[in-house]
Every structure is written in structure tokens, then in C-alpha cells.
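*Asks:* Quick note, this note's numbering runs 20 ahead of the 1-based positions in the sequence shown.
Following this message is one structure expressed as C-alpha cells.
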Amino acid sequence: MFKVKNKKTINFLAKNSLKEYKMRNIFTLIAIILSVTLISGLAFFSSAIQETNRKDLISRQHVIYHEVSYNQIKSIRQNEEILSSKEFKRGKSFEVDDYIMLPYYMEQNEASMLNLNIIQGKYPKEINEVLVYEEMLVKMGVEPRVGETISISFLDGSTEEFTVSGLTKSEGTTDVFPLYLSKEYAINGSQLKAIPFDISAQIVDAEKMSSEEFLTLIRKIGADSGIERKNINENNAFVKSLSYSFRELTMITLISSVILLVSILVVYSIFYISISERTRQFGQLRTIGMTQKQVKRMVRKEGTTLSLIGSIIGITIGATFAFTMKPKGFNLIWFLIYSFAILLANYITVQIAIAKPAKLAASISPIEASKVSGYEEKNEKIQTKKLQRKLSPLSLSMIAARGNRKKSTMTMISLCLAGVVFMCASTFVSSVNEEKFARQSWFEFGEYEINLSPNAVQVNEYGETGIKKDNPLSYELVDKLNNIKDVKEVIPMQNLSVTYTYNDVTEKDIAAPFKKEDTELINQYLKGSSINYNDMVKNKEIIIAHNEIAKEIFGWEFELGDTVTLKWYNGEKYVEDVFTVSGILENSSKLYKNSDMFKISYNAGWFMMPEDLLTKMMEPGFNLNTRIIVSSTDYLKSGDEIEKEIVTLTESNPLITLSTLKDSLEHHKEQFNMMYTSFMGGALFVIAFSMINLLNTLISNVMARKREFACLGAIGASKKQIITMILGEGLYFAVINFASTVLFGTLAGYIMVKIMGMNGLKYMEYQFPIGYFSLYSIFVFVVPIILSFTIGKIINKKPLVERLRDVE
């Protein structure tokens, strides 16, 4: 029979089995759908985010070439690798009342980047025309309409009149308003004619390149046009989008592996039950000539069908979630790649899970099938050495639970794994210290940060140093802050804005001071050298910090013994001098592990120098305070009162701003909520798997003991005693599950948090997840009780005579 049209026969039997054993199919599909939904949701959502960003970035500039001449613009546009380009100019911003204006010219052409949403009128063509924001005209007290005349007083003191040729509108709240001027003004207008053009460009097929290929190409285009590398500014976000985040891929793969591992155990348990119930069927099939290989093929066919159905449903749910959240993130190619990978991974998972049950089914002989009503492995019952023992419903349930060693062991492993994964997830959520997370910058040293206003710095002719000439962060303010009740410490931080020239690069950066008593600490973090404070002051020596960033940006590093030219405003005039590199610090990740080194190096750009040397570089008495950090003795108790006092001292001065730890915590609240939701969603998924596995275990054991329950009923066991036996077995597994979760789950969570802490996540502070653990414990005990009672009721509904007949 089975040699004729063998494939069709196997398919027919598998199809009938799927129709008959609906309970098994439901449990298997639930397990597969849960696992595939979570995996596909993670994968598609990650892909959708990247695809959305990529689509947004494709319509933006890929690179900007700064300070280009007419001939260089012409050369760039003639390059066949340039898809489109726009030239533009940006003048010096200036402050008017409580907002900032910025002279700006932007070429209008068909290129998709840097487009303006002109809601009324047109872009300026004449030298005295301007396109402005509606909101700016409202602030100026002018009716927002085309044709209005406005008068603008620029940073140099000159005043010019313009006719409004068009209006645009900001997408959000802003206090910086560009004045879009004509090309004629860009060439001849007083505020832009001395400023060189910049040109933004898009590259042909850039989205198909690797990041290395893209960077090599834009730099070659620049070099061919005579543009220095320092004036080539790639769009870092676009460059990042060209290479897949292997860190993110690794994380998704790791999470998926854990999910699939749990899925294997659940599907294995379900099919084990199915095989146990179908012992007679397999024996009959073997009797009429079905081979062991054919039995295995039939079972695998059932698993394959369920795997395919569950995977399609899971992928559909996961994709719906991901692309509903990120509608622009759909990419057919990546969708097909991920779908195929998920289908393949789940198929392999299911085949691994059913391999042992299929082997068991194939090994059933006709004689064995005639003796039993459910499959039982040989020599698996543990023989006791006790001559006698007390028998009761509970003791019998304990004997039964321990009797099948292999099945009990697999059950415990699956439950323990689920408990460990849940405990790790809940431990992570419980151990995130939100305050420490918010304190990762200057808030590590205090709860209030008083800074120079960025807007004021932007519009000052000499930048930050120009503001410091009459520094609002005065030592008089420091004294007043120290006199506030419950203020613990006031820390003024100094640095100096400089322009440096090194290795044919001229850029702006920051030099920060260190004190003589910091020398010993700094020497511990220097690469292959040591410093002497007095010699550094005498010989004009500096230390380089964050050298790895220079390597990343420019392709070179500062070298020990080299000279760097610094130019700065000393309070009266610009000064230039040459300094020698006498020390280079370790990578930032190592520096920031030490709180004192963090305070010194985080305050700097690339340059650190002795405090006495920095003082000599400035006019006598010049105050270099950049920020003031204020800490309290008891933030929870007196934080609000201290903030009120600080606001009173600072609110009337437009040159300074106040940031607080409270604002930082509020700012990160949404981030925390999203992170907590993600982790607890994963934890609930693990709980669902755990409950499915527990339910299957209870059903498996009850099915294997139907004959025992029937015989016990025949000799006088009551329905209540039968239910007690089933309940005792459920509680046995619940107790072991609870104990393993407490022991292994707690240990795994603790180790996880400690490893994170050692890898720089200082905001991880171990906390036992008592709340989540309590809920899990309730599930562990309550669910077995409910399920056991329900199963017992179902069994007892069938008359004893029928149950005994089934046994025969």
C-alpha cells in the first residue's frame, strides 16, 4: 500500500492528522505565531526605521563643499557623478529682541534637497527682495503678507530695507529665522558678498554604495575640483545609513535565538503529547506495512504544515505592526529577505523540536501499541528501595511527577529557561536608574547647570569669548549661589574657544585648563609619556584629548612632540602662538570611567593645558567661566526651593540659561517608557510561552495516566481525590519552577546588570524585581491550580465504565 503513490499517501495521512488533532494544532500555532510575531516585529521595525531614514536622507544633500569658487562650482557640476546640486551662502546671525535673524541665499532649481515650502509669493530675484517666515513678521509687528516693506538692522550696524517677495512657515517652534535673499544680493549685497559660496550635492546612485565607496568618491570629486579635504562635509547620517548596523543585527539575532530556543521546547512538548495519544494509530500503520522512515516523514509533514501556517500569520502580524508604526519604512527587497530568513529559521526550529517525537513515533511497534493506550518509554520509571510507603492522592501525584525522568527534566528545563529570561528582562527594567541616566553629563556633579546662552554666543562678533569679556557667569554670581540655603557645592568650569591649525587643517575647537594637583591623575591616563606641570607652563605645552575622534574625522591623529598653532581672542585682540604636544590621553571611553578625569577631559575639545598657562594667554583678570554647576545637600527635599533661588538670580540676564536635572529627567521620560514597554512586552511573551509549556506538561501527564486514574476510580478513589492527584502534580512543577526561577533567574539578572555596569552603563544599578517577580509567582502557582482543576473536571465527567472500557 505505502509503496504505491507513497508521497500522496503520506500527505493524505498528515492532512487527516491535522484535521483530527485540533488541540495540538492550536497549541503549536500559538507557540509559533508568538515567536514569529515577536521576531518579525523586531526585524521589520528595525528595517522600517532604517528604510524611513534612508528615504528621508536620499532627498537631502549627501555632501557639502564649503568655501568654493565659481570655477570649483562649475567643475563639480560638470562631474558625471553629481546627480544634482545647489549653491548657497550663509551670513552672520544677529539677535533682535528675543529672536535671531540669519542672512541666507539658496539657489532655486529642480534639486530635491534644501527645498523651501513657499506658502505665498515667490523666492526673491531683486537685490532688495526677501522671503521670510510668517512668524518673524508677527514678532516684528508687521502684517504677514507679500509686498510689505521691512527694515533690517544688521550685526555691523547698517540698516537696509527689503520688500517681502514671499512667505514660508516653520514646521515647529523656533526663534531662529533665516532671511532668504536673492542671488544678486548674494553676489553684491553687503551682508553676503564677502562670504564664499558653499555647494550642496547629491551623488548618482549613492544609496547603492558602501560608506567607504561613498566617502572615497566625494573626496575624489573634491580633490579633482581643487577643494581641500577640510572643506568637504559629508552628511554623516546618510553615510551611516549606507552600512547596516551590525550591532543592532547582533542584538536582534541574539533575542531571536532565545525566542526560538524557548519555542523548540514548547513545540517539542506539544508533539510529545500528540505522539503519546496516537500510539495505537502508529502501531496500526506499522502493522499494515508503513516503515519507520515513512512515519517520521508523516510527523515532519505535520510539523512543516503548522510551521508554514504559523510563520505566515506571525509575519503578517509583525509586519502589520512594524509598517503601521513606520509606513514609509516598507522595502520589498528587505521584506522578502527578512521573511525568507524568518520562515527558514522557524522551519529549522520546528524540525529540531519534532525530531525526537518523530523518532519516538517511528519506533512504536504493533505489539507495543496493542498493550498501551499511550506511549511510555521503557525503563523510565524510577524503582524505589523502600519496602513500604504511605499512599495518598498527593503522594501518588509526587510519585507520578517524578516517575518519567526524561519528560520531567525537559519540562523543568523549559520552565526554568522561561523563568530566567523573564527575570533578566524584569531585572533590566527594575535596575535602570533613571536619575543616573540623566546624570551622564555635567549633572553627575550637580543638579543645576548655568550656561552662556547659545543664541548670545552665536550673534557675538567674538563668539563665546566675546561674551566672557563681561562674563555674566561672574564670581559674584558664584558667591551668591554659595549663599543659597542647602547648596552643597558650586563648581565654575572654564575653557577657551580657539582656532587651531595642524596638519593643513584649520578648525575651531576648545582648550580647557587643569590644575597642578591634577597632574598625578592625568599621568595615569597618558599614552607612553608623562608631564611636568611647571615645564608645560614654561614651554607652552598642551595635552591632546579625544584623539580617536580626530582619527575618525580626518584620518590622522595628533602626534606626540608635534606643534599646533592656536589662535584666540584674549579679551582685547586676536593672538596666535605655537604650542607643543607633550601628552596624549587614552581613549575617551577609558577616561570617562573615572569621575575626576571625566570632569577634566569632558570640559575640553582636543586641547588641555595648565591653568597657569591659560591665564597667561588672556588679559589680566579675564573670566573664562563657561558654565557653573550647582549641587544640593538634599535634592529631593530642597531641590525646588534652590531652583527658585537660582531662577531669581539668572532670569533677568538674557546671556545665560539654566538647565536642571528635573528637566533632563522629564526629557528622557518618553525614552524610558518606550524602553520599558519593549522589555516588558518581551517578558510577557516569555510568560505566555511558559504557561503554554506548563499546560502541555499537565495535559501530557494526565493523558499518560488515564489508565491509572480509571483503575483507581474502580477501586474506590473519589473524583475529589483524582483532582487532588492532578493538582498535586501541577503544584510539584510550580514549586520547582518557582525555585529555579529564584535561584537561576536572580543570578542571571544580577550577572547581566554587573556586566552592563562594567561596560560603561553606569546607570545600571542592580535591583531585585520584586513587583514583577510577585506577579510571575502568582502565575506560576495560580495557573497550574486552575488548569489542574479544569482538567480533572473534564476527566471526571466521563463515566467510570467508559473510562475503563477505553483502557482495555
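For every residue, glycine included, the Cβ atom is placed at its ideal position computed from N, Cα and C.
Apart from the five residues just before and just after threonine 179, which ones in its own chain have a Cβ nearer than 8 Å to its Cβ?
*Replies:* Reading the sequence shown from its first residue, position 159 is the one you call residue 179. Counting only Cβ-Cβ distances below 8 Å, and skipping sequence neighbours, we find Ser171, Ile172, Ser173.
*Asks:* Any idea what DSSP makes of lysine 813, helix, strand or coil?
*Replies:* If you number the sequence shown from 1, residue 813 lands on position 793. Helix at lysine 813.
*Asks:* What is the DSSP secondary structure of glutamate 785, reduced to helix, strand or coil?
*Replies:* Taking the first residue of the sequence shown as 1, we reach residue 785 at position 765. Three-state result, glutamate 785: coil.
*Asks:* Just the Cα atoms here: how many angstroms apart are glutamate 631 and lysine 535?
*Replies:* Here residue 631 refers to the residue found at position 611 of the sequence shown. Here residue 535 refers to the residue found at position 515 of the sequence shown. For the pair glutamate 631 and lysine 535, the Cα-to-Cα distance works out to about 6 Å.
*Asks:* Which of helix, strand or coil does DSSP assign to lysine 35?
*Replies:* Mapped onto the sequence shown, residue 35 falls at position 15. Residue state, collapsed to three classes: helix.
*Asks:* Please report the distance separating the alpha-carbon of glycine 242 from that of phenylalanine 197.
*Replies:* Counting from 1 along the sequence shown, the entry for residue 242 is found at position 222. Counting from 1 along the sequence shown, the entry for residue 197 is found at position 177. For glycine 242 and phenylalanine 197, the distance between alpha carbons rounds to 31 Å.
*Asks:* Can the beta-carbon of methionine 629 be found less than 9 Å from the beta-carbon of proline 533?
*Replies:* If you number the sequence shown from 1, residue 629 lands on position 609. If you number the sequence shown from 1, residue 533 lands on position 513. Taking 9 Å as the Cβ cut-off, methionine 629 and proline 533 qualify as a contacting pair.
*Asks:* Between which two residues does the alpha helix (DSSP H) harbouring aspartate 529 extend?
*Replies:* Here residue 529 corresponds to residue number 509 of the sequence shown, with the count starting at 1. For aspartate 529, there is no enclosing alpha helix (DSSP H); the residue is found in the beta strand (DSSP E) stretching over 525-534.
*Asks:* Can the beta-carbon of threonine 48 be found closer than 9 Å to that of phenylalanine 360?
*Replies:* The sequence position of residue 48 within the sequence shown is 28, counting from 1. The sequence position of residue 360 within the sequence shown is 340, counting from 1. No, the Cβ-Cβ distance between threonine 48 and phenylalanine 360 is not below 9 Å.
*Asks:* Pull up the DSSP beta-bridge partners for glutamate 561, would you.
*Replies:* Within the sequence shown, the letter at position 541 stands for residue 561. Partner(s): Thr600.
*Asks:* Please report how far the alpha carbon of valine 166 lies from the alpha carbon of threonine 183, in whole angstroms.
*Replies:* If you number the sequence shown from 1, residue 166 lands on position 146. If you number the sequence shown from 1, residue 183 lands on position 163. If you take the alpha carbons of valine 166 and threonine 183, they lie about 8 Å apart.
*Asks:* Below 9 Å between beta carbons: does that hold for leucine 11 and lysine 109?
*Replies:* This structure cannot speak to residue 11, because the chain is shown only from 21 to 828.
*Asks:* Any chance the stretch 648-655 sits against the stretch 501-508, with 3 or more Cβ pairs inside 8 Å?
*Replies:* yes
*Asks:* Along the chain, where does the beta strand (DSSP E) that runs through histidine 86 open and close?
*Replies:* Locating residue 86 in the sequence shown gives position 66, where the first residue counts as 1. Looking at the DSSP string, the run of the beta strand (DSSP E) that includes histidine 86 is 83-88.
*Asks:* Give a yes or no on whether the C-beta atoms belonging to asparagine 757 and glycine 548 are separated by under 9 Å.
*Replies:* Stepping through the sequence shown from its first residue, residue 757 is reached at position 737. Stepping through the sequence shown from its first residue, residue 548 is reached at position 528. Cβ atoms of asparagine 757 and glycine 548: not closer than 9 Å.
*Asks:* Contact defined as beta carbons within less than 8 Å: I believe isoleucine 368 pairs with arginine 306. What is the distance between those atoms, to the nearest angstrom?
*Replies:* In the sequence shown, the residue the question calls residue 368 occupies position 348. In the sequence shown, the residue the question calls residue 306 occupies position 286. That pair is no contact at about 28 Å.
*Asks:* Please report the residue range of the beta strand (DSSP E) in which tryptophan 462 lies.
*Replies:* Along the sequence shown, one-based indexing puts residue 462 at 442. Per DSSP, tryptophan 462 belongs to no beta strand (DSSP E) and is neither H nor E.
*Asks:* Near arginine 8, what residues of its chain come up, given a Cβ to Cβ distance below 8 Å and the 5 sequence neighbours on each side ignored?
*Replies:* No answer is possible for residue 8: it lies beyond the span of the chain, which begins at 21 and ends at 828.
*Asks:* Near threonine 519, what residues of its chain come up, given a Cβ to Cβ distance below 6 Å and the 5 sequence neighbours on each side ignored?
*Replies:* Taking the sequence shown and counting its residues from 1, one reaches residue 519 at position 499. Around threonine 519: Lys528, Lys587.
*Asks:* Measuring straight from C-alpha to C-alpha, what distance separates leucine 122 and glutamate 592?
*Replies:* In the sequence shown, counting from the first residue as 1, residue 122 sits at position 102. In the sequence shown, counting from the first residue as 1, residue 592 sits at position 572. Roughly 27 Å separates the two Cα atoms.
*Asks:* Is the CB of asparagine 757 under 9 Å away from at least one CB in chain C?
*Replies:* Included in the structure is just one protein chain, with no chain C present.
*Asks:* Helix, strand or coil for tyrosine 119, going by three-state DSSP, please let me know.
*Replies:* Here the question's residue 119 lines up with position 99 in the sequence shown. Strand, per DSSP.
*Asks:* Between alanine 458 and the rest of its own chain, which residues show a CB-CB distance below 7 Å, the 5 nearest in sequence each way excluded?
*Replies:* The sequence position of residue 458 within the sequence shown is 438, counting from 1. Cβ neighbours of alanine 458 within its own chain (closer than 7 Å, five residues either side excluded): Leu681, Ser684, Leu685, His688.
*Asks:* Any idea what DSSP makes of glutamate 141, helix, strand or coil?
*Replies:* Counting from one through the sequence shown, the residue named residue 141 turns up at place 121. The residue asked about is misnamed: residue 141 is glycine in this sequence, not glutamate. Correct three-state label for glycine 141: strand.
*Asks:* By a C-beta neighbour count over all protein chains shown, 10 Å radius and 16 as the cutoff for buried, is phenylalanine 627 buried or exposed?
*Replies:* For the purposes of this step, residue 627 is taken as residue 607 along the sequence shown, with counting starting at 1. By the 10 Å Cβ count, phenylalanine 627 comes out buried.
*Asks:* Give me the DSSP bridge partner(s) of arginine 110.
*Replies:* For the purposes of this step, residue 110 is identified with residue 90 of the sequence shown, where counting begins at 1. Its beta-bridge partners are Tyr124.
*Asks:* Could you tell me the distance, in whole angstroms, from the CA atom of tyrosine 468 to the CA atom of tyrosine 796?
*Replies:* In the sequence shown, residue 468 corresponds to position 448, counting from 1. In the sequence shown, residue 796 corresponds to position 776, counting from 1. Approximately 40 Å between the Cα atoms of the pair.
*Asks:* Put serine 652 into one of helix, strand or coil per three-state DSSP.
*Replies:* Translated into positions along the sequence shown, residue 652 becomes position 632. In this structure, DSSP gives serine 652 an extended state, which the three-state scheme calls strand.
*Asks:* Give the secondary structure of asparagine 693 by DSSP, where H, G and I count as helix, E and B as strand, and everything else as coil.
*Replies:* Residue numbering aside, residue 693 sits at position 673 when the sequence shown is read from its first letter. Three-state result, asparagine 693: helix.
*Asks:* Express the C-alpha separation of threonine 670 and tyrosine 85 in angstroms, rounding to a whole number.
*Replies:* Sequence index remark: in the sequence shown, residue 85 carries index 65 (1-based). Sequence index remark: in the sequence shown, residue 670 carries index 650 (1-based). Those two C-alpha atoms are separated by around 41 Å.
*Asks:* Please say whether leucine 678 and isoleucine 470 have beta carbons closer to each other than 9 Å?
*Replies:* Locating residue 470 in the sequence shown gives position 450, counting from the first residue. Locating residue 678 in the sequence shown gives position 658, counting from the first residue. Yes, they are a contact pair.
*Asks:* When DSSP labels each residue in this structure, what does tryptophan 354 get in the three-state scheme?
*Replies:* Position 334 of the sequence shown, counted from the first residue, corresponds to residue 354. Helix.
*Asks:* Entirely within the stretch 611-638 and at least 4 residues each: give me those alpha helix (DSSP H) ranges in chain order.
*Replies:* Those alpha helix (DSSP H) runs which fall completely within the stretch 611-638 and span 4+ residues are 615-621, 631-637.
*Asks:* Can you name the residues that DSSP bridges to valine 150?
*Replies:* On the sequence shown, position 130 is the one that residue 150 refers to. By DSSP's assignment, valine 150 forms a beta bridge with Val184, Leu201.
*Asks:* Take the Cβ of lysine 35 as the centre, count every other Cβ of all protein chains shown within 10 Å, and call the residue buried at 16 or more, exposed below.
*Replies:* Stepping through the sequence shown from its first residue, residue 35 is reached at position 15. Lysine 35 is exposed by the Cβ-count criterion.
*Asks:* Cα-Cα, which of Met711, Gly111, Lys613, Thr72 is closest to leucine 437?
*Replies:* Walking along the sequence shown from the start, residue 437 turns up at place 417. Ranking the options by Cα distance to leucine 437, first place goes to Met711.
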